[in-house]
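Undergrad:
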Amino acid sequence: MLGFRVCLQTRTKARPVLHKLVHKLASVHKATVLPPKQLQSLLNPFTALEDYLHRSVDTSSFHLFQPRLEDVAEAEKLFISSSTHRIDYYTSAERMEHAPRLQQPEVCFIGRSNVGKSSLIKALFSLSPEVEVRVSKTPGHTKKMNFFKVGGAFTLVDMPGYGYRAPKDFVDIVESYLYTRTNLVRTFLLMDASVGLQQADMVALEMCEEIRSPYVIVATKVDKCGSGELLKNLIRLRDLIQSQTSCCFPQPFLISSLRFQGIYHLRCFICHITGAITLQDTSAQE
Ligand SMILES: Nc1nc2c(ncn2[C@@H]2O[C@H](COP(=O)(O)OP(=O)(O)OP(=O)(O)O)[C@@H](O)[C@H]2O)c(=O)[nH]1
Ligand SMILES: [Mg+2]
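Position one of the sequence shown corresponds to residue 0 (numbering that gives the first Met the number 0), numbered consecutively onward.
Written out as structure tokens, the structure is:
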């Protein structure tokens, strides 16, 4: 028996560390060697769609956050785990009573089940692939609030989704979190750009408006449909933000977690709003 235990302990200690591969586009440094147009569409995927639009269409709201490349690279460093800046899954909570009390500024990711919340967090952490973020093809996968600490800088919270067998969870968990979390600095409300606005998206948007805390819309899965369909969905989304919201950041962020489109800018935006870095300039540059 003792021998068995010793053997188990030895095996645990000797277990080889799994070095997961870092995707070649996970870092903006790697992307800077790409042709300028390709780099631009990774930084802001909307630029790749503009050729399809008539010149009279005002696209300024898709270009409001335009950090310098140096700031994007600076922000990226905060997404690399080290012995002095540990990025890690911290804890999960089923109810607000179980949520950890944390001092750091916090941002959370909400939206319909399957919209890509966990995948987005995984892409943000892709330079630290040892951080385990679970994604699934099955809707309703994330059932608790999952807290991820980014050193002492900020916390990311992955939320259960709304719309698939989970409206109760959403109301019980997400709504009470949004109403009461004092260190929450921004909510990211995800919508699937490849299918366009759904009824459940409107419910979440109305909730964010009612709570009156600042939020940002993230259009996910921009890799999944053709440019025409995507543009139609995005212009509709832009119009909705302009006409029906008052607490929403006017720019929707476009992302593909699979192809890393929009991920570098989103990292930078998170560092900016949590005060983790001070940007030189975020507006459009000449
Ligand atoms: N093509 C494409 N697929 C994506 C993208 N992001 C996520 N997916 C896929 O969408 C499915 C759901 O992703 P999740 O990240 O688990 O979605 P979720 O919003 O966390 O879902 P719940 O936890 O159920 O609320 C998975 O099969 C992902 O691979 C994307 O940018 N592009
Ligand atoms: Mg999830």
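A virtual CB, placed ideally from N, CA and C, is assigned to each residue, including glycine.
Identify the residues that DSSP records as bridge partners of C107: which are they?
TA: As a working mapping, residue 107 is identified with position 108 in the sequence shown. DSSP output for C107 lists V156, T186 as bridge partner(s).
Undergrad: Is it buried or exposed for R111, if we count other Cβ within 10 angstroms and need 16 for buried?
TA: Position 112 of the sequence shown holds residue 111. R111 comes out buried.
Undergrad: Excluding five sequence neighbours on each side, which residues of the same chain lie with their C-beta closer than 7 Å to the C-beta of T9?
TA: Stepping through the sequence shown from its first residue, residue 9 is reached at position 10. Note that T9 scores a pLDDT of 38, beneath 50, so its modelled location is shaky; the value from the coordinates is reported in the next line. There are no such residues.
Undergrad: So the beta strand (DSSP E) V170 belongs to, where does it begin and stop?
TA: Taking the first residue of the sequence shown as position 1, residue 170 is located at position 171. First-last for V170: undefined, no H or E at that position.
Undergrad: Flag this pair as yes or no: are the beta carbons of V221 and P44 separated by less than 7 Å?
TA: By one-based count along the sequence shown, residue 221 stands at place 222. By one-based count along the sequence shown, residue 44 stands at place 45. Contact: yes.
Undergrad: Tell me the DSSP secondary structure of Q65 in three-state form.
TA: Here residue 65 corresponds to residue number 66 of the sequence shown, with the count starting at 1. Three-state DSSP puts Q65 in coil, outside helix and strand.
Undergrad: Smallest Cα separation from S212: which of T83, V106, L189?
TA: Counting from 1 along the sequence shown, the entry for residue 212 is found at position 213. Cα-wise, what sits closest to S212 is V106.
Undergrad: In chain order, what residues of the same chain lie with their CB nearer than 6 Å to the CB of H271, ignoring the 5 residues before and after it?
TA: Sequence index remark: in the sequence shown, residue 271 carries index 272 (1-based). Within the same chain, H271 has close Cβ partners L278.
Undergrad: What would DSSP say about R14, mapped onto helix, strand or coil?
TA: Numbered from its first residue, the sequence shown carries residue 14 at position 15. Low confidence applies to R14: its pLDDT is 44, below 50, so where it sits in the model is not reliable, and the reading given next is rough at best. The answer is coil: DSSP assigns R14 none of H, G, I, E or B.
Undergrad: Can you grab the Cα-Cα spacing for the pair L230 / T83, in whole Å?
TA: By 1-based counting over the sequence shown, the position of residue 230 is 231. By 1-based counting over the sequence shown, the position of residue 83 is 84. The alpha-carbon atoms of L230 and T83 are separated by roughly 43 Å.
Undergrad: Run the CB neighbour count on G227, radius 10 Å, all protein chains shown included, and call it buried at 16 or more, exposed below.
TA: Taking the sequence shown and counting its residues from 1, one reaches residue 227 at position 228. It is exposed - the Cβ of G227 has fewer than 16 other Cβ atoms within 10 Å.
Undergrad: Here's the rule: buried if 16 or more other CB atoms are within 10 angstroms of the residue's CB, otherwise exposed. What is L7?
TA: For the purposes of this step, residue 7 is taken as the residue at position 8 of the sequence shown. Only weak support is given to the placement of L7: the predicted model assigns it a pLDDT of 36, under 50, and the value that follows is read from those uncertain coordinates. So L7 counts as exposed.
Undergrad: For A122, name the three-state secondary structure that DSSP assigns.
TA: On the sequence shown, residue 122 is found 123 positions in, with the first residue counted as 1. A122 falls in the helix class under three-state DSSP.
Undergrad: Across which residues does DSSP place Y88 in a beta bridge pair?
TA: Numbered from 1 along the sequence shown, position 89 holds the residue referred to as residue 88. Answer is F147.
Undergrad: Helix or strand or just coil, what does DSSP make of G2?
TA: If you number the sequence shown from 1, residue 2 lands on position 3. The predicted model places G2 with a pLDDT of 39, which falls under 50 and marks its position as unreliable; any figure quoted below should be read in that light. Here G2 sits in helix by DSSP.
Undergrad: In three-state DSSP terms, what is D191?
TA: Against the sequence shown, residue 191 aligns to sequence position 192. Residue state, collapsed to three classes: strand.
Undergrad: My output table needs one value for T9: the three-state DSSP class, helix, strand or coil.
TA: The residue given as residue 9 occupies position 10 in the sequence shown. Residue placement at T9 cannot be trusted, given a pLDDT of 38 that sits under 50; the coordinates are not used to answer.
Undergrad: I need the boundaries of the alpha helix (DSSP H) containing I234, first residue and last residue.
TA: The residue given as residue 234 occupies position 235 in the sequence shown. From DSSP, the alpha helix (DSSP H) with I234 extends over 226-243.
Undergrad: Check this for me: beta carbons of I254 and C247, under 7 Å apart or not?
TA: Taking the first residue of the sequence shown as 1, we reach residue 254 at position 255. Taking the first residue of the sequence shown as 1, we reach residue 247 at position 248. No, these two residues do not count as a Cβ contact at 7 Å.
Undergrad: So which of Q102, K223, T90, A30 has the shortest CA-CA distance to M158?
TA: Within the sequence shown, residue 158 is the residue found at index 159, counting from 1. Of the candidates Q102, K223, T90, A30, the one whose C-alpha sits nearest the C-alpha of M158 is T90.
Undergrad: Do S117 and T130 have their beta-carbon atoms positioned less than 7 Å apart in this structure?
TA: Counted from its first residue, the sequence shown places residue 130 at position 131. Counted from its first residue, the sequence shown places residue 117 at position 118. Sequence inspection shows Val at residue 130; the Thr mentioned does not correspond to that position. For V130 and S117, no; Cβs fall outside 7 Å.
Undergrad: Report the CB separation of S256 from L119 in whole angstroms; it is logged as a contact under 8 Å.
TA: Within the sequence shown, numbered from 1, the residue matching residue 256 stands at position 257. Within the sequence shown, numbered from 1, the residue matching residue 119 stands at position 120. About 5 Å; that satisfies the 8 Å criterion.
Undergrad: Whose C-alpha, out of H28, E75, E96, is nearest the C-alpha of I86?
TA: Your numbering for residue 86 matches position 87 in the sequence shown. If we check each option's Cα against that of I86, E75 comes out closest.
Undergrad: Classify G115: buried if its beta carbon has 16 or more other beta carbons within 10 angstroms, exposed otherwise.
TA: Counted from its first residue, the sequence shown places residue 115 at position 116. By the 10 Å Cβ count, G115 comes out buried.
Undergrad: Beta-carbon separation of F146 and V132 under 7 Å?
TA: Within the sequence shown, the letter at position 147 stands for residue 146. Within the sequence shown, the letter at position 133 stands for residue 132. Cβ distance not < 7 Å, so F146 and V132 don't count as in contact.
Undergrad: What is the DSSP secondary structure of S255, reduced to helix, strand or coil?
TA: Position 256 of the sequence shown, counted from the first residue, corresponds to residue 255. Strand, per DSSP.
Undergrad: Quickly, what does DSSP pair Y214 with across the bridge? List them, please.
TA: By one-based count along the sequence shown, residue 214 stands at place 215. Paired residues: T186, C247.
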